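Peer 1:
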Ligand code: G6P
């Protein structure tokens, strides 16, 4: 198999540093979690940003760089201003909300766009420095949409793949972006462009017809003398690793202690990065509605909501955090008592082991994003239920919904409907729970992350080599 160069904004590990010490810890989010396994198995390199290393002293930096090299990663450092304009400003202040249809959150700033372009060139340079003839280059996600186009010019015959981990929005939403042509042109530098769902692929193809005036048959776009292939590759998870943890004695002991601590209450669970796209706020409103409507449930149910800190310096995230804090406070103030609170809100990171214990302990898993490219948490929950029990409540706006039809489907904007679905989930008979879970488990086992990565790589490998770009328009 050819050597694989993975390229993503965030490396699978992040450097956390203060004046006294530095640590290299696993990154959160679907991309890092999902690609960690394929990277470890391959003989390639992972090129990306290791997080803010500006506070490190020279000796600390040398040690961190050694650790990163041992992990077969190549760091691309960003300055404080690039973090603010490229990462926080354009990637997470503009593209992220726009691609998730949250239009009121999109401020357009030309300086942030300039920084986005500059940093995309820097990532491409780092790839070019590592590239050897025959390597496969696989670029990931919305932060790096221009990289394939830049690479195509520098390495005309290289095999380049691009995968978008977030939704590609409808054309009328995408065309709000003043730099829509540049973004499409960048993505089309790849030989293969992959999406989680057919809907995202169709939106992308339609945007091309509209903005670039190119024609296409649904999975092939003739572009600048080459043929770009489009494909649907729904990402999976490392099922075996969750199954192993879910049957580990130590994890099972944690499950027992979570259940004992709940003193017979039924457990709802939410696990998300603290992000306004994840629907945490509306989920809390729906819990509040349930407690309001069903006095008998008060004191009998508990929601454990894990919120992993994320993008804390982006204003929208900081203000969203305050809103969530306030909502949790209000619900607990109204429906809690001296000995109990309905919402157990945990704003921090947890290890995969601890999260697996929570998945195993839960009666009902709530995955209710307003919009989500895939959502791997839903799949992690299912993988962890080796006991065959548990109910998944899933938003119809998560990419995972097209594969996990046996979940209870909710519209995350419909508070009343969600409250009714939560009640239904609590009351679902054991036989029905088990039968739904059986089908869900079979499906995620068949389509795990290894199969996802292998099929993308195999498709890329078998594409004919690109001819150098000539003068063809
Ligand atoms: C999502 C994105 C990833 C990103 C992750 C964590 O899963 O698709 O590209 O890495 O969120 O976000 P962060 O900004 O911390 O890298």
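Numbering (our numbering), first residue to last: 1 to 473. Cβ atoms here follow ideal geometry from the backbone N, Cα and C, with glycine treated the same way. Note that the structure is predicted; figures quoted are calculated from it, not measured.
1. Run through the stretch 234–314 for me and flag every whole beta strand (DSSP E) of 3 or more residues, listed as ranges in chain order.
2. List, from N- to C-terminal side, the beta strand (DSSP E) runs of 3 residues or more that fit wholly inside the stretch 141–189.
3. Quick one: any contact between the stretch 348–357 and the stretch 403–418, if contact means 3 or more CB pairs under 8 angstroms?
4. Residue 440 lies in the alpha helix (DSSP H); which residues open and close that run?
5. Counting only the same chain and skipping the five closest in sequence on each side, list residues whose C-beta sits under 7 angstroms from that of residue 219.
6. Straight-line CA distance for residue 390 to residue 382?
7. Suppose contacts are defined by Cβ-Cβ distances below 8 angstroms. Is residue 187 in contact with residue 269 by that definition?
8. Going by the beta-carbon positions, is the gap between residue 352 and residue 440 smaller than 8 angstroms?
9. Distance, Cα to Cα, residue 184 vs residue 145?
10. Measuring straight from C-alpha to C-alpha, what distance separates residue 471 and residue 196?
11. With a threshold of 16 other CB atoms inside 10 Å of the CB of residue 384, please say whether the residue is buried or exposed.
12. Using the three-state DSSP reduction, which class does residue 225 fall into: helix, strand or coil?
13. For the pair the stretch 207–214 and the stretch 320–328, tell me if three or more CB-CB distances fall below 8 angstroms.
14. What does DSSP give as the partner residue(s) for residue 344 in the beta ladder?
15. Please list, in chain order, all residues of the same chain as residue 12 whose beta carbon is under 6 angstroms from its beta carbon, the five residues on each side excluded.
16. Would you give the residue range spanned by the beta strand (DSSP E) that residue 192 belongs to?
17. Work out the CA separation of residue 328 and residue 114 for me, nearest whole Å.
18. Taking 8 angstroms as the CB-CB cut-off, is residue 406 touching chain B?
19. How about residue 373: is its Cβ closer than 7 angstroms to a heavy atom in ligand 1?
20. Which residues in the same chain as residue 426 place their Cβ atom closer than 6 angstroms to its Cβ, once the five residues preceding and following it in sequence are excluded?
21. With the cut-off set at 8 angstroms, would you say residue 377 and residue 421 are in Cβ contact?
22. Pick helix, strand or coil for residue 409, following the three-state DSSP scheme.
23. Out of curiosity, what's the CA-to-CA distance linking residue 204 and residue 291?
24. Where does residue 14 fall in DSSP's three states?
25. May I ask you to report which of helix, strand or coil DSSP gives residue 26?
26. For residue 258, which residues from the same chain have a beta carbon less than 6 angstroms from its beta carbon, with the 5 sequence-adjacent residues on both sides left out?
27. Quick one: what's got a C-beta closer than 6 angstroms to residue 163's C-beta in the same chain, skipping five residues either side?
28. Give the range of the beta strand (DSSP E) segment to which residue 48 is assigned.
29. Work out the CA separation of residue 252 and residue 192 for me, nearest whole Å.
30. Helix, strand or coil: how does DSSP classify residue 378 here?
31. Excluding the 5 residues preceding and the 5 following residue 331 in the sequence, name in chain order all residues of the same chain whose CB lies nearer than 8 angstroms to its CB.
32. State the DSSP-derived secondary structure class of residue 351, mapped to helix, strand or coil.
33. Quick check: the Cα distance between residue 469 and residue 456, rounded to an integer number of angstroms?
34. Alpha carbon to alpha carbon, how far is residue 161 from residue 458?
35. Please report the straight-line C-alpha distance between residue 429 and residue 8, rounded to a whole angstrom.
36. Could you tell me the alpha carbon to alpha carbon distance between residue 1 and residue 131, rounded to whole angstroms?
Peer 2: Put simply:
1. 266–273, 301–308
2. 159–163
3. no
4. 430–446
5. 229, 230, 231
6. 8 angstroms
7. no
8. no
9. 8 angstroms
10. With a pLDDT of 38 at residue 471, under the threshold of 50, the predicted position of this residue should be treated as unreliable, though the coordinate-derived value follows. Rounded to whole angstroms, residue 471 to residue 196 spans 34 angstroms at the Cα level.
11. buried
12. coil
13. no
14. 304
15. 27, 32, 36
16. 192–195
17. 39 angstroms
18. Any reference to chain B falls outside this structure, which holds one protein chain only.
19. yes
20. 266
21. no
22. strand
23. 42 angstroms
24. strand
25. strand
26. 361
27. 140, 194
28. 45–49
29. 43 angstroms
30. helix
31. 284, 287, 288, 291, 342, 343
32. coil
33. Note that residue 469 scores 48 on pLDDT, short of 50, meaning its location in the model is unreliable and no value can be drawn from it.
34. 11 angstroms
35. 44 angstroms
36. 15 angstroms
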